[in-house]
Amino acid sequence: MHTLIGTAFAVIRPLFLSSVAVSTKADATPVTAADRGAEAAMRREIERRYPEHGIVGEEYGEKAGRRYRWILDPVDGTRAFITHCFLFGTLIALERDDGDGFAPILGAIAHHAAGVALLGHRGATRLYAADGSERAARVRACASIEQATVLATTHWETGEQRGGGGIAALIRQARLYRTWGDCFGYFALATGGADVMLDPALAYWDVAAIVPVVEGAGGRVSSWSGGSPLAEPSLIATAGPLHDEVLRQIRAAA
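Counted from 1, the sequence shown has number 812 at position 110 by the working numbering; the numbering is strictly sequential.
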């Protein structure tokens, strides 16, 4: 996992702040040479070391494999990347099929501009820095929404977010609300900087890495309906005690 993070960093860093060309994909989302180059480089590294493993990537689709599968989102937050915002990152998950289908066993949220990465499994999450330091990462205690910092990828009224009145109710109660989103919102939650992160519509490669990172840090995750975010790609992530109340308010508004 550390090797893959370094591989992605080596491609992406020279292109950040460089006015790289932007194309629009069929789903109307932006893509750059950083997205495509980083995924291609990570795929080559996986195929060199683990040729029998499967790969699912945002840019180059699926390669079948046996028992293990890598999920790659090379630049999560491409809109941030192309507007020179530092909050973009790379999401990497390793999944294993123990007979009931693939499920993530290891995840990484890596932020190139800051030189930090979270690596998590469902027992623990650790924060690694470019200077070689590392430490455990844990969510912080927060017992009420009135004391919470609530994050979302974009404002709930935009077409991209489509969060509806449930997010609006939380915003009115929260101590602080910011659109510090994409993978950074989950990084902030897992390191004790925020208490709630909301994304009502995601893709599988957005979710797979985040689940073990947040759970390993002591947090809770669910889909927008309260089910598995892997089966229904969307995320409500919290520091724990707030989860049921956040879910109740979103359900009530819906």
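Think of the CB as a built atom: it goes at the ideal place given N, C-alpha and C, for glycine as much as any other residue.
Whole-Å CB distance - A850 paired with D897, under 8 Å assumed: Sequence index remark: in the sequence shown, residue 850 carries index 148 (1-based). Sequence index remark: in the sequence shown, residue 897 carries index 195 (1-based). Sure, about 4 Å apart at Cβ, within 8 Å.
Beta-carbon proximity list for R922, same chain, < 6 Å, skipping 5 on both sides: Taking the first residue of the sequence shown as position 1, residue 922 is located at position 220. Here the set comprises T940, G942, H945.
Stretch-stretch touch, CB-based, cutoff 8 Å, three pairs: the segment 770-788 with the segment 741-760: yes
Contact check, P935 vs G822, beta carbons under 7 Å: One-based indexing of the sequence shown puts residue 935 at position 233. One-based indexing of the sequence shown puts residue 822 at position 120. Contact: no.
Straight-line gap, E836 to G739 (C-alpha atoms, nearest Å): Taking the sequence shown and counting its residues from 1, one reaches residue 836 at position 134. Taking the sequence shown and counting its residues from 1, one reaches residue 739 at position 37. Between E836 and G739, the C-alpha separation is close to 28 Å.
Collapsed DSSP secondary structure at H823 in the structure displayed: Numbered from its first residue, the sequence shown carries residue 823 at position 121. Note: H823 maps to strand in three-state DSSP.
For H813, three-class secondary structure by DSSP: Taking the first residue of the sequence shown as 1, we reach residue 813 at position 111. Three-state DSSP puts H813 in a strand.
Helix, strand or coil at L853 according to DSSP, with G and I counted as helix: Mapped onto the sequence shown, residue 853 falls at position 151. Of the three classes helix, strand and coil, the one that applies to L853 here is strand, per DSSP.
Beta-carbon gap between S725 and V733 smaller than 7 Å: If you number the sequence shown from 1, residue 725 lands on position 23. If you number the sequence shown from 1, residue 733 lands on position 31. It is a contact, given that the beta carbons lie within the stated cut-off.
Limits of the alpha helix (DSSP H) - the one that T705 falls within: On the sequence shown, position 3 is the one that residue 705 refers to. Unbroken alpha helix (DSSP H) run through T705: 704-714.
Assumed close pair F889, H814 - CB separation to whole angstroms, cut-off 8 Å: What you label residue 889 is simply residue 187 of the sequence shown in a count that begins at 1. What you label residue 814 is simply residue 112 of the sequence shown in a count that begins at 1. That belief does not hold up - the Cβ atoms of F889 and H814 are roughly 12 Å apart, past 8 Å.
Alpha-carbon to alpha-carbon, I794 and A812: On the sequence shown, position 110 is the one that residue 812 refers to. On the sequence shown, position 92 is the one that residue 794 refers to. In a straight line, the C-alpha of A812 is about 8 Å away from that of I794.
Alpha carbon of P753 to alpha carbon of L706, nearest angstrom: Residue mapping note: residue 753 aligns to position 51 of the sequence shown, counting from 1. Residue mapping note: residue 706 aligns to position 4 of the sequence shown, counting from 1. C-alpha separation (whole angstroms): 15 Å.
Buried versus exposed call for P716 [16 or more other C-beta atoms within 10 Å across all chains shown]: Sequence index remark: in the sequence shown, residue 716 carries index 14 (1-based). When all chains shown are included, P716 counts as exposed.
C-alpha gap between D800 and A919, whole angstroms: Sequence index remark: in the sequence shown, residue 800 carries index 98 (1-based). Sequence index remark: in the sequence shown, residue 919 carries index 217 (1-based). Taking the straight line joining both Cα atoms gives about 24 Å.
Nearest neighbour of I784, chosen from L719, F886, A933, I912 [CA to CA]: Counting from one through the sequence shown, the residue named residue 784 turns up at place 82. The residue with the shortest Cα to Cα distance from I784 is L719.
Alpha-carbon spacing of I847 relative to G928, whole angstroms: To locate residue 847, count along the sequence shown from 1; it is residue 145. To locate residue 928, count along the sequence shown from 1; it is residue 226. The straight-line gap from Cα to Cα measures roughly 18 Å.
Rounded C-alpha distance that separates C844 from R768: Within the sequence shown, residue 844 is the residue found at index 142, counting from 1. Within the sequence shown, residue 768 is the residue found at index 66, counting from 1. Straight-line Cα distance between these residues: approximately 41 Å.
Length of the line joining the Cα atoms of G825 and R798: For this step, residue 825 is matched to residue 123 along the sequence shown. For this step, residue 798 is matched to residue 96 along the sequence shown. Roughly 16 Å between the two C-alpha positions.
Proximity below 7 Å, CB of A911 to CB of A838: One-based indexing of the sequence shown puts residue 911 at position 209. One-based indexing of the sequence shown puts residue 838 at position 136. No, the pair does not count as a contact, with Cβ atoms beyond the cut-off.
Reduced DSSP secondary structure (H/G/I, E/B, other) of D737: Here residue 737 is taken as the residue at index 35 of the sequence shown, counted from 1. Helix, per DSSP.
For T855 and D884, believed in contact at Cβ under 8 Å, the rounded distance: Stepping through the sequence shown from its first residue, residue 884 is reached at position 182. Stepping through the sequence shown from its first residue, residue 855 is reached at position 153. With 8 Å as the limit, D884 and T855 qualify as a contact, their Cβ atoms being about 6 Å apart.
Helix, strand or coil at P776 according to DSSP, with G and I counted as helix: Numbered from its first residue, the sequence shown carries residue 776 at position 74. Of the three classes helix, strand and coil, the one that applies to P776 here is strand, per DSSP.
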